[in-house]
Each structure stands twice: as C-alpha cells, then as structure tokens.
Amino acid sequence: MNNQNLGKGKVLIADDDDDSRIMLSFILQEEGWEVSEACNGKEAVEKVIEQKPDLLILDNRMPELTGVEVYQCLQAEGIKITVVFATAHGYLDELASSLGVTHFINKPYEIPKLLKMVESAYANSCNSATIF
Numbered sequence: 116m117n118n119q120n121l122g123k124g125k126v127l128i129a130d131d132d133d134d135s136r137i138m139l140s141f142i143l144q145e146e147g148w149e150v151s152e153a154c155n156g157k158e159a160v161e162k163v164i165e166q167k168p169d170l171l172i173l174d175n176r177m178p179e180l181t182g183v184e185v186y187q188c189l190q191a192e193g194i195k196i197t198v199v200f201a202t203a204h205g206y207l208d209e210l211a212s213s214l215g216v217t218h219f220i221n222k223p224y225e226i227p228k229l230l231k232m233v234e235s236a237y238a239n240s241c242n243s244a245t246i247f
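Letter 24 of the sequence shown, counting from 1, is numbered 139 in the numbering used here, and no numbers are missing.
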C-alpha cells in the first residue's frame, strides 16, 4: 500500500461490470481511498444516501437505473456529490457536459489517467461547490 496517500476521501463505485468494479476498488484502496461498491443504479442511490461518500464513480449503462438516471435522482433529492461519469461508450463526454458534469472518463481505464481524474474531482469538491 502507498502509505503516503492514506486517509483520502470516501468513494462509491457504481458499475454493473464486476471485473471493472472490483479492479477499480482494489486500485483505489491501494491508493488510500475508503471504497464501497454498488452493482446497479438503484443500489448506488441507496448507498449515496446511506454512506454519504465524497465522490461517486458512476457507470452509465447499468440495470435498474442508468448513470444519468442516478445523477438526476440525486439532484432531485437535493444530494450534492461530486460525480465522475465512466463508460465504455464514446458519447459520454457530450452527455455528461449536457448535464453539467465536468468529470468523465472512458473505459477501459487508463489507470494513471483515472487516478489523476479522481484526485482532481476530489480536490475540486473539497475546494469549491460540488458539481450540482
């Protein structure tokens, strides 16, 4: 474990792809993040409400609720959380921008790029207003 990075924030990873979710969870834990997981959109909403993570890494194509629907549900509930949208489908940057999301990443993950994105999103959430 990288001991210099212990004590970072809480991250919820919402992705129905078990391999992606588990791999990302392992990497972030190794970097000092406290990580929880959700395997569908409904579970993601429930865990955001229960656990109040600092950051949500949100896949768009999931069962029960899509990432966009999760995002809209959280907005409707007045829940403020920084979101990093992730998808294996290239249209996400346009979609995320239309929702006002500034952090998005395509799959498969480039780990250094992903870690930089997570750090940046977390820093922005600590230093300014949240995304919504």
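Glycine included, every Cβ here is placed at the ideal spot set by N, Cα and C. Note that the coordinates shown come from a computational prediction; the quantities given were computed from them, not determined experimentally.
*Cβ pair Val216, Ala129 closer than 8 angstroms*: no
*Run the CB neighbour count on Phe141, radius 10 Å, all protein chains shown included, and call it buried at 16 or more, exposed below.*
exposed
_Ignoring anything shorter than 4 residues, give me the alpha helix (DSSP H) runs that lie fully in the stretch 172 to 204, in order along the chain._
182 to 191
*Establish whether the CB of Glu145 and some CB of chain D are separated by less than 8 angstroms.*
Chain labels in this structure do not include chain D; a single protein chain is all it has.
_Distance check for Asp131 and Pro178, CA to CA, integer angstroms please._
7 angstroms
*Are Leu189 and Gly182 close, meaning C-beta to C-beta below 8 angstroms?*
no
*Endpoints, the alpha helix (DSSP H) within which Val126 is located*: Val126 -> not in any alpha helix (DSSP H); beta strand (DSSP E) instead, spanning 125 to 129.
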